[in-house]
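Undergrad:
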Amino acid sequence: MTHAASTLTPDLALHLLRRANDIARHALARGHHPFGALLAGPDGEVLMEQGNVDSVNHAEAVLAREAAERFDPGFLWRCTLVTTVEPCAMCAGTQYWAHIGGLLYGMSERELLALTGAHPENPTLDLPCREVFSRGQKPIAVTGPVAQMREDIAALHRDFWRTR
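Right under this line is the structure:
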């Protein structure tokens, strides 16, 4: 079965990551942590958008749960979750159970940890999403990190966590 993440052109992938970063910027403007996610359909069309809600309701997990309620699993398998930062173990697990077949992210969780340190609002787990997915029974197509987006994404986090 074809994964949408494997069919995204580099230009479309960058466009979608920039849009996810805009969502993160809007979350930040509303006083939330600067994370943004979207669901791209098989053709790259943006179907859903979600900014971070709080320390437990991450953008990716909220989006994956809502997508699972709205769309058929067969359709979601051909979709891509696009997010600014590599999903944590909770978000990767939620994506897996929601049956979203592709993932595209801009900055790695380890790069985020380097920016946040041991911040109590973001106690980052050192567990890459690829490792979480590798323990499952279905192959999630993962693309990331995307070097061209690192600085734009990091800028939101650098400023946010420094003043928190």
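If you're matching positions, the sequence shown starts at 2 in the numbering used here and goes up one per residue.
Yeah, the Cβ is synthetic: ideal placement off N, Cα and C, and Gly gets one too.
In terms of residues, what are the limits of the alpha helix (DSSP H) holding Q96?
TA: It spans A90 to A99 - the alpha helix (DSSP H) in which Q96 sits, taken as one unbroken run.
Undergrad: Can you tell me whether DSSP reads T164 as helix, strand or coil?
TA: It is helical.
Undergrad: Residue range of the alpha helix (DSSP H) that V133 falls in?
TA: C130 to S135 is the span of the alpha helix (DSSP H), which, as asked, contains V133.
Undergrad: Could you give the DSSP three-state label for T10: helix, strand or coil?
TA: Note: T10 maps to coil in three-state DSSP.
Undergrad: Is DSSP giving L48 helix, strand or coil here?
TA: Residue state, collapsed to three classes: strand.
Undergrad: Since F36 and A93 should fall inside the 8 Å C-beta cutoff, what is the C-beta to C-beta distance between them, to a whole number of angstroms?
TA: Rounded, the Cβ-Cβ distance is 14 Å, inconsistent with contact.
Undergrad: Just verifying my parser: in three-state terms, what is the DSSP assignment at A41?
TA: Three-state result, A41: strand.
Undergrad: Let's test the definition: count the other Cβ atoms within 10 Å of the Cβ of A62 and tell me whether it reaches 16, buried, or not, exposed.
TA: The residue is buried, with at least 16 neighbouring Cβ atoms inside 10 Å.
Undergrad: Would DSSP call G32 helix, strand or coil?
TA: Note: G32 maps to coil in three-state DSSP.
Undergrad: Excluding the 5 residues flanking I24 on each side, which residues of the same chain have their C-beta closer than 6 Å to its C-beta?
TA: The answer, listed in chain order, is G37, E50 and G52.
Undergrad: Are the beta-carbon atoms belonging to L15 and G107 less than 7 Å from one another?
TA: No, the Cβ-Cβ distance between L15 and G107 is not below 7 Å.
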